[in-house]
Amino acid sequence: MMQYRKFGKLDWQPSALGFGAMRLPTVDGKAGHIDYPKAEAMIHKAIEGGVNYFDTAYVYHEQQSETFVGKALAGGLRDRVRIATKSPVWLVNEPGDFDRLLDEQLKRLQTDHIDFYLLHALNRNSFQDKVVKHDLVKRAEAAKADGRIRQMGFSFHDNFETFKTIVDYTDKWDFCQIQYNYMDTTVQAGTKGLKYAASKGLGVVIMEPLLGGKLALDVPAARPLWASASRKASPADWALQWLWSQPEVGVVLSGMSTMEQVEQNIASASESAVGKLTAADNALIEKVRDLMNSLSPIPCTRCEYCLPCPNGVNIPRNFDSYNKALMFDILDDSRFDYRVWISDDSKAERCIQCDECLDKCPQKIAISTWMPIVGEVLGLGREYVKSI
Ligand SMILES: NC(=O)c1ccc[n+]([C@@H]2O[C@H](COP(=O)([O-])OP(=O)(O)OC[C@H]3O[C@@H](n4cnc5c(N)ncnc54)[C@H](OP(=O)(O)O)[C@@H]3O)[C@@H](O)[C@H]2O)c1
4 MMQYRKFGKL DWQPSALGFG AMRLPTVDGK AGHIDYPKAE AMIHKAIEGG VNYFDTAYVY
64 HEQQSETFVG KALAGGLRDR VRIATKSPVW LVNEPGDFDR LLDEQLKRLQ TDHIDFYLLH
124 ALNRNSFQDK VVKHDLVKRA EAAKADGRIR QMGFSFHDNF ETFKTIVDYT DKWDFCQIQY
184 NYMDTTVQAG TKGLKYAASK GLGVVIMEPL LGGKLALDVP AARPLWASAS RKASPADWAL
244 QWLWSQPEVG VVLSGMSTME QVEQNIASAS ESAVGKLTAA DNALIEKVRD LMNSLSPIPC
304 TRCEYCLPCP NGVNIPRNFD SYNKALMFDI LDDSRFDYRV WISDDSKAER CIQCDECLDK
364 CPQKIAISTW MPIVGEVLGL GREYVKSI
């Protein structure tokens, strides 16, 4: 049975598992072409399984995700769940922009209110240049007062100091959304940020719990560690239980891309509980963390914030192939993948080091330094480079 969690000061409990509508199945691999029948069936299965929190954003799936979610929840389902979506603050330049975007989102979602409204992907710069400069907290408060939004929060990609500044900026935040998983305890908001937000009464939503899918991979080098555990579970289940075991964690979003993942993650959430993992379990996860850190050279989570690249490079796709080569010890497969499956116009070698992506990367990856290396290692057979 689905478990429900405490959520800051709010008198409402989200399901342990939330549905992230950012990695939905597509008909042809193009983000904007959502496979409606498959994705709708996944949403309906999640609701049947007790999921009551659905997360989308103005920009997901080339701006098609909100429209899809609105359609999938039409016919009575909308009232059974809570919808979270996000204001694309980088598009707010004029006084009327915030409200215009919000009204457009309400239409796309076929609803008269958004339950959880977030200022999207705040970092040090966007906080100053958008939130402070355009007084967006006041605008969100007005939207709350007129009923278009119910709770206000922000999603976040930067370091703990910036996180604290934003949390402390106002007492109007109801909740926040952070990237957190057993690999990211000391980067981004980190464990310190999680505890800080919870201590201030904010509900905490977790994104990228599987580090964009990486923590679900069956890494050969990690098998002996997992096998030594007293509890038998998949790597994905371990990563999720690690989060749910912590009392400060509210809802854990998973960007599920298949029905099987929806079923597995509902089953995991149903087994979850605060304090479920033992000290030995947590020590094991620390060992896996150390091992993974030593295996994955580029900390890309495939969030795609770096896209579109003005030169067409599919940055996350190239990094993913490069990382997997080392994590799975499959360099030849990754070279084949690069040659055959990554289209010529999106290969690493198209990078001209314009550096437009650098500021957009939440992980602060030196993308343009890595890109020629990836191109040479995967495209030209150069020896593998593990660090720069
Ligand atoms: N506000 C922001 O700044 C921001 C940024 C990022 C994400 N988000 C939100 O947070 C949500 C969650 O983040 P995320 O999508 O990165 O979550 P995630 O759970 O870390 O990654 C999702 C990926 O994990 C894999 N996966 C999930 N369940 C699995 C299972 N049971 N077994 C094996 N693999 C599994 C799938 O990868 P494959 O497709 O490779 O199988 C899936 O696409 C997003 O969907 C989005 O709604 C928000």
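The sequence shown maps to residues 4 to 391 in the working numbering. Here a beta-carbon is modelled for each residue, glycine too, at the ideal position from N, C-alpha and C. All values reported here derive from a predicted model rather than from experimental measurement.
CA nearest to the CA of residue i, picked from the options
{"i": "residue 18", "options": "73, 57, 266, 319", "result": "57"}
{"i": "residue 311", "options": "6, 358, 212", "result": "358"}
{"i": "residue 184", "options": "80, 247, 176", "result": "247"}
{"i": "residue 122", "options": "377, 199, 170", "result": "170"}
{"i": "residue 65", "options": "211, 216, 91", "result": "91"}
{"i": "residue 186", "options": "366, 373, 371", "result": "366"}
{"i": "residue 314", "options": "356, 345, 325", "result": "356"}
Alpha-carbon spacing of residue i relative to residue j, whole angstroms
{"i": "residue 126", "j": "residue 138", "result": "16 Å"}
{"i": "residue 94", "j": "residue 107", "result": "13 Å"}
{"i": "residue 144", "j": "residue 102", "result": "12 Å"}
{"i": "residue 330", "j": "residue 223", "result": "8 Å"}
{"i": "residue 268", "j": "residue 240", "result": "7 Å"}
{"i": "residue 96", "j": "residue 225", "result": "48 Å"}
{"i": "residue 73", "j": "residue 385", "result": "48 Å"}
{"i": "residue 149", "j": "residue 298", "result": "51 Å"}
{"i": "residue 404", "j": "residue 282", "result": "As displayed, the chain neither begins before 4 nor continues past 391, which places residue 404 out of reach and without an answer."}
{"i": "residue 194", "j": "residue 160", "result": "14 Å"}
{"i": "residue 24", "j": "residue 295", "result": "27 Å"}
{"i": "residue 203", "j": "residue 10", "result": "12 Å"}
{"i": "residue 151", "j": "residue 133", "result": "21 Å"}
{"i": "residue 338", "j": "residue 309", "result": "23 Å"}
{"i": "residue 68", "j": "residue 131", "result": "28 Å"}
{"i": "residue 215", "j": "residue 236", "result": "19 Å"}
{"i": "residue 196", "j": "residue 285", "result": "19 Å"}
{"i": "residue 252", "j": "residue 15", "result": "14 Å"}
{"i": "residue 62", "j": "residue 370", "result": "22 Å"}
{"i": "residue 393", "j": "residue 26", "result": "What is shown of the chain runs 4 to 391, which leaves residue 393 out entirely."}
Status (buried if at least 16 other CB within 10 Å, exposed otherwise) for residue i
{"i": "residue 156", "result": "buried"}
{"i": "residue 327", "result": "buried"}
{"i": "residue 173", "result": "exposed"}
{"i": "residue 213", "result": "buried"}
{"i": "residue 238", "result": "buried"}
{"i": "residue 83", "result": "exposed"}
{"i": "residue 87", "result": "buried"}
{"i": "residue 175", "result": "exposed"}
{"i": "residue 128", "result": "exposed"}
{"i": "residue 300", "result": "buried"}
{"i": "residue 387", "result": "exposed"}
{"i": "residue 258", "result": "buried"}
{"i": "residue 52", "result": "buried"}
{"i": "residue 342", "result": "exposed"}
Bridge partners - residue i, DSSP secondary structure assignment
{"i": "residue 90", "result": "122"}
{"i": "residue 209", "result": "181, 255"}
{"i": "residue 29", "result": "37"}
{"i": "residue 152", "result": "117"}
{"i": "residue 336", "result": "Its beta-bridge partners do not exist; DSSP assigns none."}
{"i": "residue 18", "result": "7"}
{"i": "residue 61", "result": "According to DSSP, which records beta bridges pairwise, residue 61 is partnered with nothing at all."}
{"i": "residue 56", "result": "85"}
{"i": "residue 216", "result": "Paired residue(s): none; residue 216 is not in a bridge."}
{"i": "residue 202", "result": "DSSP, once it has assigned bridges, lists no residue as partnering residue 202."}
Expected contact under 8 Å - CB spacing of residue i and residue j to nearest Å
{"i": "residue 13", "j": "residue 221", "result": "Between residue 221 and residue 13 the Cβ distance is about 37 Å, and since that is not below 8 Å, they are no contact."}
{"i": "residue 54", "j": "residue 21", "result": "7 Å"}
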